[in-house]
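Asks: Dumping the structure here so I can ask a few things about it.
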Amino acid sequence: MPPATTPSKREPRLSRPAQVAEAIKTWVVEEGLRAGDRLPGETELIRRFGMAKGTIREAMRILEAQGLIKTRTGPGGGSFVHEVSRARAKALLGNYFYFKNLTIGDIYKLRLALEPELAADLAGRLSEEVLAQLEANILSYERPSETLEEEREQHVASLRFHAILAEQAENPLLGFVIDFMVTLLTDVTVYRELYAPPNHELWQRGRDYQHRLVMALREGDGGAARAIMKAHMETAWALMRGQETQMMRRFMTEG
16 MPPATTPSKR
26 EPRLSRPAQV
36 AEAIKTWVVE
46 EGLRAGDRLP
56 GETELIRRFG
66 MAKGTIREAM
76 RILEAQGLIK
86 TRTGPGGGSF
96 VHEVSRARAK
106 ALLGNYFYFK
116 NLTIGDIYKL
126 RLALEPELAA
136 DLAGRLSEEV
146 LAQLEANILS
156 YERPSETLEE
166 EREQHVASLR
176 FHAILAEQAE
186 NPLLGFVIDF
196 MVTLLTDVTV
206 YRELYAPPNH
216 ELWQRGRDYQ
226 HRLVMALREG
236 DGGAARAIMK
246 AHMETAWALM
256 RGQETQMMRR
266 FMTEG
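Anchor point for the sequence shown: position 65 equals 80 in the numbering used here, and the numbering is continuous, going up by one each time.
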């Protein structure tokens with residue numbers, strides 16, 4: 016028999032408006048409502064959930080803050096089911112990790128586990144339009160940077176390559192997780208200035224791996240695509256770890 020949960024380990028009890036917000040979400044799913052469908056009016060919600068007007072209004076504000084409903088005023092207005100965009104979902108999740116002090120290793124461990132499998136899965140399945148988009152992205156950092164600002168822009172652009180691949184994933188959860196990691200790494204790289212000092216090896220090897228990866232994807236060679244992406248992640252991890260170490264040294268010196 017499992018030990019009883021101590022009060023200190025229990026999840027904090029949801030407020031009444033938060034409970035109603037969860038109940039509304041459950042009801043929306045049970046009713047099969049889709050993005051754009053109108054929700055019942057305030058009077059109907061009060062009757063359906065047996066709560067006071069103030070509680071219902073606060074619950075709706077919670078749902079709107081979460082991006083799950085959209086309220087419009089005027090003729091034809093009301094509250095409507097709203098699909099949370101990928102950008103908003105990443106921003107909300109990013110808030111959770113804001114104070115977690117993630118390291119390069121935290122991010123790359125997950126990238127190393129997931130991105131090679133995505134690359135293998137996409138081999139031979141990408142349209143010529145997407146392949147051309149990947150090649151155009153690589154061209155944006157075809158030459159080494161000449162300024163620190165350009166170095167930063169190239170780091171961001173090279174990570175965009177992986178976001179493009181993530182958008183093509185058949186598995187929406189896999190695509191979202193990889194895209195979110197790319198966003199996290201982009202943010203960490205920029206605000207910790209991990210692009211300084213410029214690292215020519217990181218630029219050259221990353222670009223070369225991406226050229227080879229596009230070739231394997233176009234040829235439909237899943238095994239090669241997996242191996243190239245794995246080597247790309249391992250190399251980038253090692254080199255970015257060096258950038259992180261230099262950043263810490265700068266911080267210690269300046270402090």
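Cβ atoms here follow ideal geometry from the backbone N, Cα and C, with glycine treated the same way.
None of these values were measured; they are calculated from a predicted model.
Where does Gly139 sit, in a helix, a strand or coil, going by DSSP?
Replies: Three-state result, Gly139: coil.
Asks: Per the contact definition of three or more C-beta pairs closer than 8 Å, is the stretch 115-126 in contact with the stretch 160-174?
Replies: The stretch 160-174 vs the stretch 115-126: no contact.
Asks: So who's on the other strand from Arg53, going by DSSP bridges?
Replies: Its beta-bridge partners are Phe95.
Asks: What's the call for Leu209, buried or exposed, on a 16-neighbour Cβ count within 10 Å?
Replies: Looking at its Cβ environment, which holds 16 or more other Cβ atoms inside 10 Å, Leu209 is buried.
Asks: Check each candidate in Pro212, Thr58, Val145 and Arg158 and name the one with the smallest Cα separation from Gly221.
Replies: Minimum Cα distance to Gly221 is reached at Arg158.
Asks: Residue range of the beta strand (DSSP E) that Thr86 falls in?
Replies: Start and end: Ile84 to Arg87.
Asks: What's the C-alpha gap between Leu163 and Thr58?
Replies: Their Cα atoms are separated by approximately 59 Å.
Asks: First and last residue of the alpha helix (DSSP H) that includes Tyr111?
Replies: Where Tyr111 is concerned, the enclosing alpha helix (DSSP H) stretches over Arg101 to Phe112.
Asks: Less than 9 Å between the beta carbons of Met66 and Arg31, yes or no?
Replies: Result yes, Cβ atoms of Met66 and Arg31 sit closer than 9 Å.
Asks: To the nearest whole angstrom, what separates the beta carbons of Gly82 and Arg63, a pair I think is in contact under 8 Å?
Replies: Actually they are not in contact, since the Cβ atoms of Gly82 and Arg63 sit about 22 Å apart, beyond 8 Å.
Asks: Please state whether the Cβ-Cβ distance between Ala178 and Asp194 is less than 9 Å.
Replies: For Ala178 and Asp194, yes; Cβs fall inside 9 Å.
Asks: Rounded to whole angstroms, what is the Cα-Cα separation between Leu217 and Gly190?
Replies: Taking the straight line from one Cα to the other gives about 25 Å.
Asks: By alpha-carbon positions, which one of Thr204, His226, Leu232 and Gly235 ends up nearest to Thr260?
Replies: The residue with the shortest Cα to Cα distance from Thr260 is Thr204.
Asks: What residues in its chain sit with their C-beta under 7 Å from that of Leu149, if we drop five residues either side in the sequence?
Replies: Within the same chain, Leu149 has close Cβ partners Phe176, Ile179 and Val229.
Asks: For the alpha helix (DSSP H) that Leu78 lies in, which residues bound it at each end?
Replies: Segment Lys68 to Ala80, the alpha helix (DSSP H) holding Leu78.
Asks: When the distance is taken between beta carbons, is Met248 closer than 9 Å to Leu146?
Replies: Not a contact, by the Cβ cut-off of 9 Å.
Asks: Report the three-state DSSP secondary structure of Trp42 (helix, strand or coil).
Replies: Note: Trp42 maps to helix in three-state DSSP.
Asks: Determine the DSSP secondary structure at Ala211, reduced to helix, strand or coil.
Replies: Of the three classes helix, strand and coil, the one that applies to Ala211 here is coil, per DSSP.
Asks: Can you tell me which of the three DSSP states Gln183 falls into?
Replies: In this structure, Gln183 counts as coil in the three-state DSSP scheme.
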